[in-house]
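**Q** Numbering-wise (my numbering), the sequence shown opens with residue 287 and increments by one. Beta carbons: idealized from backbone N, C-alpha and C, even for Gly. Just so you know, these numbers come straight off a predicted model, no measurement behind them. Handing you this structure, nothing more for now.
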Amino acid sequence: MSKVTRRSIKSASISVRGIVQGVGFRPFVYGLAVKHNLKGWVYNTSEDVRIEVEGEAEAVEQFELELKTKSPPLAHIESVTIVHHPPRGYKNFEIRHSQAQEGKYQLISPDVATCEACLGELLDPENRRYGYPFTNCTNCGPRFTIIEDMPYDRPQTTMRSFQMCPQCQAEYDNPLDRRFHAQPNACPKCGPQVELVDNQGNPVTPIESGSSPITAASQLLKEGKIVAIKGLGGFLLACDATNDTAVKTLRQRKKRSSKPFAIMVTTVDEAKRHCYVSPEEEDLLTSPQSPIVLMRWKEDSSVSREVAPNLRFLGVMLPYTPLHHILLRGIGRPLVMTSGNLSEEPIARDNDEALRRLSGIADYFLIHNRDIYSRYDDSVAIVERGTSQLIRRARSYAPYPIRLSFEARQVLGCGAEEKNTFCLTKDNYAFLSQHIGDMENMETLEHFDSTISLYKRLFHMEPEIIAHDLHPDYLATKYAQELGESGMKLIPVQHHHAHIASCMADNGLKPPVIGVAFDGTGMGADGNIWGGEFLVADYRNFNRVGHLEYLPLPGGAAAIKRPYRTTISYILTLLGGNALNAVIATLNEMKGKQSQLASIGQVTEVEVEVIKRQIERRINSPLSSSMGRLFDAISALLGIRGEIDYEGQAAVDLEMAAYSSVIARRVSDEAIYDAQESYPYRIVEDAGIRIVHLGDLLSTVIEDLHQGISKEMISVKFHNTVAQMINEMCHLITDETGITQVALSGGVFQNRLLLGKAVRLLESSGFQVFTHRQVPCNDGGISLGQAVIANFAA
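Structure follows, in structure tokens:
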């Protein structure tokens, strides 16, 4: 072989940006350099991974190609910058220590579900990590939840107090080992440990000598006990999902009477025993993100119907930590896994906090001594028409950013009151936080504030602009106003414009679009409650070109919690008192035949009179154009749901009634999308805005009730009507504007039946239809829209 001449040597300095720390990128680079006989170095900085390589020109070129095309599975490369220069004469290839840089930042990997290699070790009796619940490597395990600051090195994480044993240290130091620089690396000798305690904090000795705390917890779960389990981002409350009594007890103690729980099952095959699982849903279940996936529930499933009362879809996830894998294999049945909190509180994070807050719910606690730095709920997703959509964005998705199509300023979007998230923008990124929760108490506000501080520190941000909702009483708005008092620029953003801007940013759209924003409540620019909106929008401005007619909500929040009040208001306002009396009489006649058709008929005459006076005198009866409230009104009118236990329940139950029509007629699911029959409505132009009048719709629904049409078929017709309403309004708008892009956003579009019908109609009419993907369509996506709009409005 001829000697390599100086002229054939090529040298390159490379900068790689993206999620390239904590994902095995440096050992990948090391292995690649060794493979191609290259010399040089690699190290992490606060903003990138930097590499210098030199060697034969062909080898360097191959290295550059494979760097981009064969990177580790968890890496996400945003950019690669390569500069060639004269060789420097390196003698070997080495991994150098990380270098922190003032003002620079690096993207951070979310926590990742247990990889196949670690699972194999966990289940192998011959392996030193057999049954060890904190097994991980550079391809899986905790990331964001243990990071306190960057760069991502062990002293900057909650693993700093665990000194590695010689075997773990050897793995950590070996560039060719998959645990090279895996910051949470540990084993039974040197790592975190699990302990089982009762709800007073007293250690529990396993009944069988030598058995582990996890095995003991499995036995307690089999016996019907409730166990609080410390996970990645906080505590989960678990019970046997096949045990009616255990599930009912959990509901009672958690004060969550009917809101659905999710379950965890051991394998995909087990998930298929309980749900119909499409290939796309299977891919999502088994992905490194491992979210809760809402799937169609099988009638013969052994999972208690108390887990998700009256619902057709069941939330299912697979184990995503070694502890879960061991626990699920020990119990051999599905477990309810729900956030460790009382309703509306943040998830419990620390051991002492969990014992204090959850001792009235859980009988036992499976705790450990690896601290959690950032709270993290489970993510929730659906698959609609082959595409995954997030309903709640948290574990394994945040803090990975949304890529923006423009260079952003440093802006904070404070989000909404319900399902709150916040969003920080910088460079070409929008850092949407994990799910924070409903901003209804000081505990959630503190979680909100501390998580903002964490993101600011990790991504080196100091927002110069604060965007917030128009509603003055939202805690997130008050938080923004306090910052405004210190001199920061405030930009108020209309709620539904934020919904549409969020959908546009999620899809990287070039505006303008026709925006259809349907939800329950959002402060309008005119001071009324909006929620059935048709907008022509871009990232800076919007024009409200249509909406549902304004109708009063007697009692305001009381009408939301008791939808029968909305129904009475709509009938009185649109059809008059005689119509209301006739409806009540009809429903009372039906009590014997269909006992559920009684929500309006059971209202006392005194309450009806109070509602009448509230409407007539406009006493605490705000006007609303909300589509969410229309769904509520129809649900209560049909006797499906007159009072709710959780937000959106009346509309959810109305959707479930429509699906029941398919079951009753023993036809395929697709038949429900083929149904065309609908109700009349009128679109009337008033001062350049098209108003959808609902009197004809309501009177015809009542006529169907008089005729004995089933509530299931009425629900199908109502869904058809709303889809046709969307299609017709979009046609009218595009005739005037020429816009053919339609963005659908707002919590109402969590209704899979409506979403499917609307998208089919619009696409068949030639529209380009865009729905949410990475960002929730509900209020969890509002903060992204706020931050994007503020960037353009500033």
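Since Ile1068 is in the alpha helix (DSSP H), which residue starts that stretch and which ends it?
**A** Ile1068 to Ala1079
**Q** I'd like the list of long-range same chain contacts for Ala399, defined as Cβ closer than 6 Å, with 5 residues on each side in sequence excluded.
**A** So the qualifying residues of the chain are Pro574, Ser576 and Tyr606.
**Q** Could you give the uninterrupted runs of the beta strand (DSSP E) lying entirely in the region 289-347, keeping only those of 3 residues or more?
**A** 295-305, 325-330 and 335-342
**Q** Count the other CB atoms within 10 Å of the CB of Ile305; is the residue buried (16 or more) or exposed (fewer)?
**A** buried
**Q** Does DSSP classify Glu462 as helix, strand or coil?
**A** Note on identity: in this sequence residue 462 is Leu, with Glu being the wrong assignment. Looking at Leu462 - three-state DSSP - the assignment turns out to be coil, as it is neither helix nor strand.
**Q** How many Å lie between Gly520 and Glu556 at the Cα?
**A** One C-alpha to the other measures close to 25 Å.
**Q** Return the first residue and the last residue of the alpha helix (DSSP H) that Pro778 is part of.
**A** It is not in any alpha helix (DSSP H) - Pro778 instead sits in the beta strand (DSSP E) that spans Lys775 to Val779.
**Q** Kindly identify the DSSP beta-bridge partner or partners of His467.
**A** DSSP lists no partner for His467.
**Q** Where are the beta strand (DSSP E) runs, 3 residues long or more, that stay fully inside the region 552-614, in chain order?
**A** 578-583 and 599-603
**Q** Check the DSSP bridge columns for Glu380 and list the partner residues they point to.
**A** Within the DSSP bridge table, the entry for Glu380 names Trp327 as partners.
**Q** Out of curiosity, what's the CA-to-CA distance linking Ala950 and Ala944?
**A** At Ala950, the pLDDT of 49 sits below 50, so the modelled position is not reliable; the number obtained from the coordinates is stated separately. Approximately 10 Å between the Cα atoms of the pair.
**Q** Please list the terminal residues of the continuous beta strand (DSSP E) segment that includes Ile689.
**A** Reading off the sequence shown, one finds Arg at residue 689, where the question assumed Ile. That run of the beta strand (DSSP E) goes Ile688 to Gly699.
**Q** DSSP beta-bridge partners for Pro838?
**A** Paired residue(s): Leu909.
**Q** In terms of residues, what are the limits of the alpha helix (DSSP H) holding Leu991?
**A** Gly981 to His992
**Q** Please report the Cβ distance between Leu909 and Pro840, rounded to the nearest whole angstrom; I am assuming they are in contact, meaning their Cβ atoms lie under 8 Å.
**A** At roughly 11 Å, the Cβ-Cβ gap does not stay under 8 Å, so Leu909 and Pro840 are not in contact.
**Q** State the DSSP-derived secondary structure class of Asp1065, mapped to helix, strand or coil.
**A** helix
**Q** Skipping 5 residues on each side, what residues in its chain have a beta carbon closer than 7 Å to that of Asn596?
**A** Asp939 and Met942
**Q** Quick one, are the C-beta atoms of Asp664 and Arg643 less than 9 Å apart?
**A** no
**Q** For Leu518, report the span of its alpha helix (DSSP H) as first-last.
**A** It is not in any alpha helix (DSSP H) - Leu518 carries neither H nor E in the DSSP assignment.
**Q** In whole angstroms, give me the CA-to-CA distance for Ala514 and Gly308.
**A** 29 Å
**Q** Does the Cβ of Lys879 have 16 or more other Cβ atoms within 10 Å, making it buried, or fewer, making it exposed?
**A** Note that Lys879 has pLDDT 46, beneath the 50 cutoff, so the model's placement of it is unreliable and no number is given.
**Q** Give the DSSP bridge partners of His833, in chain order.
**A** According to the DSSP secondary-structure assignment, His833 is paired through a beta bridge with Glu819 and Ile977.
**Q** Counting pairs of beta carbons, one from the region 1024-1032 and one from the region 791-804, are three or more of them closer than 8 Å?
**A** Contact holds: three or more Cβ-Cβ distances are below 8 Å.
**Q** Which residue wins for smallest C-alpha separation from Ser625, given the options Gly616, Ala648 and Arg619?
**A** The residue with the shortest Cα to Cα distance from Ser625 is Ala648.
**Q** Confirm, please, whether the CB-CB distance from Ile295 to Glu340 is below 9 Å.
**A** Contact: yes.
**Q** To the nearest angstrom, report how far apart Leu769 and Arg661 are at their CA atoms.
**A** 24 Å
**Q** Using three-state DSSP, classify Ala762 as helix, strand or coil.
**A** helix
**Q** Ordered along the chain, which non-local residues of its own chain (more than five positions away) have a Cβ less than 8 Å from that of Asp484?
**A** Val490, Asp649, Tyr650 and Phe651
**Q** Can you grab the Cα-Cα spacing for the pair Ser1001 / Tyr965, in whole Å?
**A** Between the alpha carbons of Ser1001 and Tyr965 lies a gap of roughly 11 Å.
**Q** For a test of the three-state rule: what should DSSP assign to Glu704, helix, strand or coil?
**A** Here Glu704 sits in coil by DSSP.
**Q** By a C-beta neighbour count over all protein chains shown, 10 Å radius and 16 as the cutoff for buried, is Val462 buried or exposed?
**A** Note that residue 462 corresponds to Leu in the displayed sequence, not to Val. So Leu462 ends up on the exposed side.
**Q** In or out: Val602 buried (at least 16 other Cβ within 10 Å) or exposed?
**A** buried
**Q** What's the C-alpha gap between Ile1019 and Asn827?
**A** Each residue's CA atom was taken as its position, placing Ile1019 and Asn827 some 17 Å apart.
**Q** How many angstroms separate the CA atom of Glu670 from the CA atom of Leu1039?
**A** 10 Å
**Q** State the DSSP-derived secondary structure class of Thr400, mapped to helix, strand or coil.
**A** coil
**Q** Among Ile920, Asp724 and Cys451, which residue has its Cα nearest to the Cα of Arg414?
**A** That would be Cys451, whose Cα lies nearest to the Cα of Arg414.
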